[in-house]
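Before any comments, here is the structure.
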Amino acid sequence: MPVSNDRGNKTSNNSEFKRPTFTPIQDIIAGIKYLIFNSEANKIVIPVLLLFESIFLKLIIKNIPYTEIDYEAYMEQIAMIEIDHNLNYLEIRGGTGPLVYPAGHVMLFKLMHTLTNGMDNIKEGQIIFRYLYLVTLLLQMCCYYILNIPPWCVVLACISKRLHSIYVLRLFNDCFTTFFMVLTIFIFLLSSKQKYSDAKKLFFTILSSITYSIAVSIKMNALLYFPAVMISLYLINEGNLANTILNFLIMLIWQIIVALPFLKEYPYEYLKGSFNFGRQFMFKWSINWQFLGGKRFHDIRFHYLLLFCHIIIILVILLREYPRFFKDLLISAKHPFGNLDMAAYQKREIISYTLITFNFTGIIFSRSLHYQFLCWYHWTLPIMIFWSQLPIYVGPIWYILHEYCWNSYPPNTRSSTLLICLNIWLLFLVLLFRNNIHHSKALKRHHTQDITDQKKTQ
97 MPVSNDRGNK TSNNSEFKRP TFTPIQDIIA GIKYLIFNSE ANKIVIPVLL
147 LFESIFLKLI IKNIPYTEID YEAYMEQIAM IEIDHNLNYL EIRGGTGPLV
197 YPAGHVMLFK LMHTLTNGMD NIKEGQIIFR YLYLVTLLLQ MCCYYILNIP
247 PWCVVLACIS KRLHSIYVLR LFNDCFTTFF MVLTIFIFLL SSKQKYSDAK
297 KLFFTILSSI TYSIAVSIKM NALLYFPAVM ISLYLINEGN LANTILNFLI
347 MLIWQIIVAL PFLKEYPYEY LKGSFNFGRQ FMFKWSINWQ FLGGKRFHDI
397 RFHYLLLFCH IIIILVILLR EYPRFFKDLL ISAKHPFGNL DMAAYQKREI
447 ISYTLITFNF TGIIFSRSLH YQFLCWYHWT LPIMIFWSQL PIYVGPIWYI
497 LHEYCWNSYP PNTRSSTLLI CLNIWLLFLV LLFRNNIHHS KALKRHHTQD
547 ITDQKKTQ
């Protein structure tokens, strides 16, 4: 009986409730750290940012006058197509010059022409672009969540003065291209999340091929992603070259369908006008090479040098991130209808890394960057800053300096030089420290697996 009583007392003592120590200061600090550094906190941070942005954009539209730059020219060009029935791309012009965008741009801005009644209802256009901004932001936030980007980096996506004006005060077509590119990358990230059946993979690759081709058909800058898009499709297709070629053919089919009215009547003029890779840019509005001077800026040798550097850097990135690519491609060429064993590949890491860095490299070596081109890559800056491992007291400083470059008007030598230096520095840091992120993720996975194994054995 005494033994029984002792055991009963022991059980009673063990089950007695112990009030945790009251440490409000430490708890507040822990909560703040969680909201700043823990990617899981994005479940809280992202909805708050979206709500804030929605309200802020309404205030911008209400209180800041619309600034006309290109939208009127878009409307004039659409009027020539719709009213004058002119399908010759070399003759279609607006106030700022000839029509130089592919037929996807025409398709979208025909709709905008109807919704805004030309230039008569610009406010309606601003509202549409407000929703476009918010939907694009939601998609990129989903990408941040998938890639485990910490909240302090995510917040940087929402504080660009220039970006807000590009959308709701300028109504540039670049915004639509950005939407379809972010959507494409989001689909890629989803399709690389886990193992899917061949049918589901085929669905994802066809869908992403269409959304990517739509982006290209609006503006050619989406071609900066093209090598990484094809690599991503190849990986999702498990190295099946036939399916990857099918995806490329789907891209071409969309380009033909959307441009069919122009291709029927003036095919040469359409291709020359909409995909003019030799088009000259105005030095006056180029914000990235002001320190060179106009003569060097227009020098064809400089253009070839940029192209050469661009190709070399993306090859370096590819071989660092996916060293077996050319070996795999050779095997696939011998067996185009077969799949490769890619179970050990970190597909999500390869896909996200090549897509983001290839585009960023293209930005650095672009022949010209105009103010609206910021939206081509601004959405990737939180990812790049995180990958660069810049600490929280340096990353925002980099961002502020970068924003200064894009808000400095007119383009000048100082901001141009600073922009090039900042972007090259960031890319260098990403190349230098990217493997550390892979290593920490691998350690985390192994640690989680060890804990799981221990629980199973207990």
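Sequential numbering of the sequence shown, starting at 97, is according to this note's numbering. Ideal placement from N, C-alpha and C gives every residue a C-beta, glycine not left out. Quick caveat, the model's predicted, so the values are computed rather than measured.
Selection A429, W483, F268 and I255 evaluated against F148 yields I255 as nearest (Cα-Cα).
Under the DSSP assignment, G335 falls outside any alpha helix (DSSP H); it carries neither an H nor an E label. With a beta-carbon spacing of about 4 Å, F461 and H406 fall inside the 8 Å limit used to define contacts. Contact annotation, I283 with T307: C-beta distance approximately 7 Å; criterion of less than 8 Å satisfied.
In this structure, the beta-carbon distance from F393 to F404 does not fall below 8 Å. F454 is the residue among F454, L425 and S382 whose C-alpha sits nearest the C-alpha of I408. Taking N244 as the centre and dropping the five residues before and after it, the same chain places the C-beta of S135 closer than 7 Å to its C-beta, in chain order. For the alpha helix (DSSP H) assignment, the uninterrupted runs of no fewer than 4 residues enclosed by the stretch 137-164 are, from N- to C-terminal side, 138-159. In the three-state scheme derived from DSSP, where H, G and I count as helix and E and B as strand, P246 is classed as coil. Look at R189 here: in three-state DSSP terms it is strand. Taking a cut-off of 8 Å on C-beta distances, the stretch 116-123 does not touch the stretch 171-188, as fewer than three cross pairs fall below it.
Taking a C-beta distance under 8 Å as the contact criterion, G221 and M208 qualify as a contact pair. The continuous alpha helix (DSSP H) containing P363 extends over residues P363 to S370. Collapsing the DSSP output to three states places P116 in coil. With respect to W381, P246 sits apart: the two C-beta atoms are not nearer than 8 Å. Here DSSP, grouped into helix, strand and coil, assigns P323 to helix.
Counting along the chain, Q173 sits inside the alpha helix (DSSP H) bounded by residues Y167 to E178. Between G374 and the set A355, V354, H399 and Y366, the nearest pair of CA atoms involves H399. The beta carbon of L298 sits closer than 7 Å to the beta carbons of N339 from its chain, once the five residues preceding and following it are set aside; these are given in chain order. A check of alpha carbon separations from L451 across L319, I125 and I156 identifies L319 as the nearest.
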